[in-house]
Amino acid sequence: AHPYTRLLLSAVPDPERAGSYDPVERARLREAILNPTSCPYGDDGTCSRTEPVRHIVGEDDGQPHWVRCHLRAPASDIARRVLKATDRPDGEATDTTEKAETTAA
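184 is the number of the first residue of the sequence shown in the numbering used here; add one for each residue after it.
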């Protein structure tokens, strides 16, 4: 999983995970996110020049999981579908249609 995704998931309270907080692992994940060299596209400025395409990377409990990253290519045909403004979970409308990349990174 992407370092940012792992960090977000580690922040979700889970009573069954009590006592498993690992500050060293959390610090390592935070460093990977904040350090631009943790991503091959960060060094060359790709993300600052071109916004990554947003696509579905999985589903859990009927809820899609989205990622907007040049590094993570869609994993399935469902993830490659064209996302329209009505597909956005945040409800924001856009004037353009976002097309998912069809090649793996």
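From the three backbone atoms N, C-alpha and C, an ideal C-beta is built for every residue, glycine too.
Cβ pair residue i, residue j closer than 7 Å
i	j	result
residue 212	residue 189	yes
residue 159	residue 186	Limits of the chain in this structure are 184 at one end and 288 at the other, which puts residue 159 out of reach.
Burial state of residue i, where buried means 16 or more other Cβ atoms lie within 10 Å
i	result
residue 251	exposed
residue 265	At residue 265 the pLDDT is 49, less than 50, meaning the model places this residue with poor confidence; the figure from the coordinates comes in the next sentence. By the 10 Å Cβ count, residue 265 comes out exposed.
residue 267	Because the pLDDT of residue 267 is 47, which lies under 50, any placement of that residue in the model is unreliable, and the question is left without a value.
Contact belief for residue i with residue j at Cβ below 8 Å, rounded distance in angstroms
i	j	result
residue 249	residue 236	So it is not a contact: roughly 11 Å between Cβ atoms.
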